[in-house]
Amino acid sequence: MLTSVERSLPISNLHRFDNFGHSLKTTAYRFCPTSVEEIAEVMQTARRHGQTIALRGSGRSYGDAAVNAGGIVVDLQSMDRVLEWNPESGVITVEPGVTIEKLWMHILPDGWWPPVVPGTMRPTIGGCLGMNIHGKNNWKAGTIGEHVLSFDLLKTDGTLLTVRPEDDLFRFVIGGLGVLGVIVRVTLQMKRVYSGYLDVCAWAEPDLKGMLRAADESRDDHNYVVGWIDCTVNGAALGRGQMHTADNLKPGEDPDPGRSLQIEHQVLPGRTFGLVPKSILHRLMAPALNNLGVRAVNQAKYTLNRTIGQNKTYRQTHVAFNFLLDYIPNWELAYGSGGMIQYQCFIPKETAPDALSEVIRRALKHGLPNYLGVLKRHRPDRFAISHAVDGFSLAQDYRLTRRNRAQLEKLVHELDEIVLEAGGRFYFAKDSTLRPEGVRRFLGEDVVRAFKRLKNEMDPEGVLETDLYRRCFEPIGAVNARGQL
Amino acid sequence: MNEQHKRAVLVGASRGIGAELARALVGRGYYVALLARRADALEPLCAELNAGGEENARFYLHDVTDYEAVPGLFQAILSDLKRIDAVVYNAGVMPAVGFSEYDFKKNKAMIDVQLLGSLAWLGAAAVLFEKMGSGQIVGISSVAAERGRVKNPGYNASKAGFDTFLEALRNRLTRSGVHVLTVRPGPVDTELTKEVGGFMMVQPDVVARDIARAMGRRGQVIYTPWFWRWIMLIVRNVPSVVFRRMNF
Numbered sequence: 035m036l037t038s039v040e041r042s043l044p045i046s047n048l049h050r051f052d053n054f055g056h057s058l059k060t061t062a063y064r065f066c067p068t069s070v071e072e073i074a075e076v077m078q079t080a081r082r083h084g085q086t087i088a089l090r091g092s093g094r095s096y097g098d099a100a101v102n103a104g105g106i107v108v109d110l111q112s113m114d115r116v117l118e119w120n121p122e123s124g125v126i127t128v129e130p131g132v133t134i135e136k137l138w139m140h141i142l143p144d145g146w147w148p149p150v151v152p153g154t155m156r157p158t159i160g161g162c163l164g165m166n167i168h169g170k171n172n173w174k175a176g177t178i179g180e181h182v183l184s185f186d187l188l189k190t191d192g193t194l195l196t197v198r199p200e201d202d203l204f205r206f207v208i209g210g211l212g213v214l215g216v217i218v219r220v221t222l223q224m225k226r227v228y229s230g231y232l233d234v235c236a237w238a239e240p241d242l243k244g245m246l247r248a249a250d251e252s253r254d255d256h257n258y259v260v261g262w263i264d265c266t267v268n269g270a271a272l273g274r275g276q277m278h279t280a281d282n283l284k285p286g287e288d289p290d291p292g293r294s295l296q297i298e299h300q301v302l303p304g305r306t307f308g309l310v311p312k313s314i315l316h317r318l319m320a321p322a323l324n325n326l327g328v329r330a331v332n333q334a335k336y337t338l339n340r341t342i343g344q345n346k347t348y349r350q351t352h353v354a355f356n357f358l359l360d361y362i363p364n365w366e367l368a369y370g371s372g373g374m375i376q377y378q379c380f381i382p383k384e385t386a387p388d389a390l391s392e393v394i395r396r397a398l399k400h401g402l403p404n405y406l407g408v409l410k411r412h413r414p415d416r417f418a419i420s421h422a423v424d425g426f427s428l429a430q431d432y433r434l435t436r437r438n439r440a441q442l443e444k445l446v447h448e449l450d451e452i453v454l455e456a457g458g459r460f461y462f463a464k465d466s467t468l469r470p471e472g473v474r475r476f477l478g479e480d481v482v483r484a485f486k487r488l489k490n491e492m493d494p495e496g497v498l499e500t501d502l503y504r505r506c507f508e509p510i511g512a513v514n515a516r517g518q519l
Numbered sequence: 440m441n442e443q444h445k446r447a448v449l450v451g452a453s454r455g456i457g458a459e460l461a462r463a464l465v466g467r468g469y470y471v472a473l474l475a476r477r478a479d480a481l482e483p484l485c486a487e488l489n490a491g492g493e494e495n496a497r498f499y500l501h502d503v504t505d506y507e508a509v510p511g512l513f514q515a516i517l518s519d520l521k522r523i524d525a526v527v528y529n530a531g532v533m534p535a536v537g538f539s540e541y542d543f544k545k546n547k548a549m550i551d552v553q554l555l556g557s558l559a560w561l562g563a564a565a566v567l568f569e570k571m572g573s574g575q576i577v578g579i580s581s582v583a584a585e586r587g588r589v590k591n592p593g594y595n596a597s598k599a600g601f602d603t604f605l606e607a608l609r610n611r612l613t614r615s616g617v618h619v620l621t622v623r624p625g626p627v628d629t630e631l632t633k634e635v636g637g638f639m640m641v642q643p644d645v646v647a648r649d650i651a652r653a654m655g656r657r658g659q660v661i662y663t664p665w666f667w668r669w670i671m672l673i674v675r676n677v678p679s680v681v682f683r684r685m686n687f
């Protein structure tokens, strides 16, 4: 049974790769190519050793989308040049390792902002395309894929393709989880802005119905719509929270755009209240991350919003409004050694009120309320592996411990049923628990079949694989061609 | 979410302490990769461990003196198991040596198997575990590591070197959250001791249980059976002027 290998991968290449929530700790052999030729070389190496490759950017996925336990991980963060930028037309061409942070810093002083950004500026563009990310403006702006003008894809056989929106491949590779080929160059259209500020409005809603109605009514009148939901309360106040809307300023509304568009103006403060250095904040957060602590914090937050914060309008920088996850550096470490998982479900607007309230209620029944609930309004898109619906999403953070693991697994599978019954969908950047049957149910047999057929065409030897791909798209318990579990 | 079953690699697993430890670990929910030279010993052991239907064990043929093969085999095992949580080094040979015998080939064999082999395997494990920030290295050393004796100088030297290497690994790796367990069995009734016998021999399953328990408890240095700790305390401290005249 010995697999005798002539040359082996250098043991010094072994590297630890966690998911963002630190619920998974894996090792793999790491390679960091910076050019198409180097990537092709790694693919050849993988083939020679009978290994699979997972593509990885900043590793901000909450689940196992960018890990390949025991295999090879190609880390593309060093392939991060801005290749072309036209400040007149707003068209930019970048390598896949360019982060959202590098992107906005490059374009903002010229009066542009990325059309779609996630809640943290750390992900790479390659990763954003692999997941087809959405932002707080999904209703108006769609997903990032809708702003891609073209991209270059390196196939596992070494050939390079240029893919445009009219090509069938376009709607599969974007959102295609990084298993169809390597995106090595992307051209995107940026959005014109006339200020470094947004006009933000915030108000409290007393229950889920109020939150959903507010999110729905705001969708056409505002650029960005997002809500925070307190998931620790039951009964009449279930789903209470705070809505935020934000709008770009029109030309002339900012008295000094030259100043507000500067990078320095956008940067998040390094100290909270001018005192506590941000680097230790996550340690201060840790003691509050339990049911009682979060309940207390949420109560305080909601009361403050209802009183001092009610119907406030104020100006906030793009960075401060959009990148909420970057306020507290390494906040995910506050969840302790067990880490956390995020559960985000997308529910059509018709079934959303019942399904979402059942989701919140069920978590409370299990004694596992989530510690952060975020509500967004969505519109459908034309991409094959898509999470979007004409409806709402609720993103939830759950702490994972050795003690609660079994209970949490049970809860998550119950929630999956609720969501699937309601015609809902899931987002692979967050998912850690779906299995092939669930995936088939929300994507549809046709889409899954078409995706796998394309995968076989593009990568017949199955070189590109991630733990997520194996979990969601391979049959359970099958041993693959390499004899691996 | 992380898979719950721990994965252990046992180098030198077909018989004796290795085989019993494989049984004990599988009993505690481990998946194991068993390495030894001979398929005829490994196959039935694997079949026995997989009897319940679940694949708890796989085997790999390996001669620990084939040092060049270690990185490739390590890679293959890591790829197959997806994760390694513990590496147990149990390989050892102890040819019978006469009182006045100084056979270089026999001595070299003992250094090759129990010292050099461990440097190759535990070096690889150390790299992996340091990167992971967790993991367990288990070295099946011996009470023979603690003092040179008349019976088998080569064996003493090989185990002493191995034992010190384990201690050095412990000192290096503790700051990375990695646990190194040194096991010092007294004589155990296995293939190894068939030719020579020993004082107060015990069965390998007793030893294996002690080891599995110590792995769970993150022990540092254990003697098995327990009374050897006190016997060796005495043995270590007998002054040379007396000890060198003994036949022990």
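Going down the list, the protein sequences come from chains A and B.
Numbered according to our numbering, the first sequence spans residues 35 to 519.
Numbered according to our numbering, the second sequence spans residues 440 to 687.
All C-beta atoms in this analysis are idealised placements derived from N, C-alpha and C, irrespective of residue type, glycine included.
Note that this is a predicted model, so its numbers are computed, not measured.
| query | result |
| --- | --- |
| For arginine 329 of chain A, collect the residues of the same chain with a Cβ closer than 6 Å to its Cβ; drop the 5 residues on either side in sequence, then sort them by chain order. | Thr266 |
| Note down the Cα distance separating glycine 531 of chain B from alanine 647 of chain B, rounded to an integer number of angstroms. | 16 Å |
| Assuming leucine 608 of chain B and isoleucine 576 of chain B form a contact by the criterion Cβ under 8 Å, report the distance between their Cβ atoms to the nearest whole angstrom. | 6 Å |
| Out of A:Gly425, A:Phe460 and A:Ser420, state which residue places its alpha-carbon closest to the alpha-carbon of phenylalanine 485 of chain A. | A:Ser420 |
| Enumerate in chain order the residues of its own chain whose CB-to-CB distance from glycine 161 of chain A is below 6 Å, with the five nearest sequence positions on each side excluded. | Gly91 |
| Start and end of the alpha helix (DSSP H) containing methionine 374 of chain A? | Here methionine 374 of chain A belongs to no alpha helix (DSSP H); instead the beta strand (DSSP E) covers 374 to 382. |
| Please list the terminal residues of the continuous alpha helix (DSSP H) segment that includes leucine 502 of chain A. | 501 to 507 |
| Drop a sphere of 10 angstroms on the beta-carbon of tryptophan 365 of chain A, count the other beta-carbons inside from all chains shown, and report buried for 16 or more, exposed for fewer. | buried |
| Whose Cβ in chain A lies nearer than 9 Å to the Cβ of valine 566 of chain B? | Ile45, Ser46 and Leu48 |
| Below 7 Å, is the gap between the Cβ of tyrosine 336 of chain A and the nearest heavy atom of the ligand FMN? | Absent from the structure shown: the ligand FMN. Ligands present: none. |
| Which residues bound the alpha helix (DSSP H) around glycine 192 of chain A? | No alpha helix (DSSP H) contains glycine 192 of chain A, which DSSP labels as neither H nor E. |
| Taking its Cβ as the centre, do 16 or more other Cβ atoms sit within 10 Å of aspartate 264 of chain A, making it buried, or is it exposed? | buried |
| Bridge partners of histidine 412 of chain A, per DSSP? | A:Gly425 |
| Distance, Cα to Cα, methionine 165 of chain A vs phenylalanine 357 of chain A? | 18 Å |
| If you run the structure through DSSP and keep just helix, strand and coil, what is proline 289 of chain A? | coil |
| Three or more C-beta pairs under 8 Å: does that hold for the segment 233 to 246 of chain A against the segment 88 to 104 of chain A? | no |
| With DSSP run on the structure shown, which of helix, strand or coil describes glycine 275 of chain A? | strand |
| Are the beta-carbon atoms of valine 481 of chain A and alanine 418 of chain A separated by less than 8 Å? | yes |
| If you draw a straight line from the alpha carbon of leucine 612 of chain B to that of serine 557 of chain B, how long is it in whole angstroms? | 16 Å |
| Against chain A, with Cβ distances strictly below 8 Å, would methionine 440 of chain B count as a contact? | At methionine 440 of chain B, the pLDDT of 38 sits below 50, so the modelled position is not reliable; the number obtained from the coordinates is stated separately. Judged by the 8 Å Cβ criterion, methionine 440 of chain B is in contact with chain A. |
| Looking only at its chain, what residues have a beta carbon closer than 6 Å to the beta carbon of leucine 398 of chain A, apart from the 5 residues adjacent to it on each side? | Asn268 |
| For leucine 449 of chain A, report the span of its alpha helix (DSSP H) as first-last. | 439 to 455 |
| Please report the distance separating the alpha-carbon of leucine 36 of chain A from that of phenylalanine 355 of chain A. | Model confidence at leucine 36 of chain A stands at a pLDDT of 37, short of 50, so the residue's coordinates are unreliable and nothing is read from them. |
| Within this structure, are the beta carbons of alanine 440 of chain A and valine 408 of chain A separated by less than 8 Å? | no |
| Out of curiosity, what's the CA-to-CA distance linking lysine 29 of chain A and glycine 457 of chain A? | Residue 29 of chain A falls outside the range modelled here, since chain A spans only 35 to 519, and no answer is possible. |
| Is there a Cβ of chain A sitting closer than 8 Å to that of leucine 518 of chain B, yes or no? | Sequence inspection shows serine at residue 518 of chain B; the leucine mentioned does not correspond to that position. Closer than 8 Å: yes. |
| What residues in its chain sit with their C-beta under 6 Å from that of glycine 593 of chain B, if we drop five residues either side in the sequence? | Asn546 and Met549 |
| If you drop the 5 nearest sequence neighbours on each side, which residues of the same chain put their C-beta closer than 6 Å to that of isoleucine 178 of chain A? | Val150, Cys162 and Ile167 |
| With 8 Å set as the bound, which would you pick, yes or no: does the beta-carbon of glutamate 508 of chain A sit closer than that to a beta-carbon of chain B? | no |
| Quick one: what's got a C-beta closer than 7 Å to leucine 222 of chain A's C-beta in the same chain, skipping five residues either side? | Ile126, His181, Val182 and Leu183 |
| Check whether the segment 523 to 540 of chain B touches the segment 565 to 574 of chain B, taking contact to mean three or more Cβ pairs, one atom from each stretch, closer than 8 Å. | yes |
| Looking only at C-alpha atoms, which of A:Leu117, A:Asp52, A:Glu71 and A:Lys136 sits nearest to valine 107 of chain A? | A:Asp52 |
| Please determine, among A:Gly212, A:Tyr405 and A:Ala249, the residue with the shortest C-alpha to C-alpha distance to glycine 171 of chain A. | The sequence given here has asparagine at residue 171 of chain A, not glycine. Ranking the options by Cα distance to asparagine 171 of chain A, first place goes to A:Ala249. |
| Here's the rule: buried if 16 or more other CB atoms are within 10 angstroms of the residue's CB, otherwise exposed. What is alanine 389 of chain A? | buried |
| Let me check one thing: in DSSP terms, what residues is histidine 618 of chain B bridge-paired to? | B:Gln575 |
| Only counting the same chain, and skipping five residues up and downstream in sequence, which positions put a Cβ closer than 8 Å to that of leucine 488 of chain A? | Leu203, Phe206 and Leu214 |
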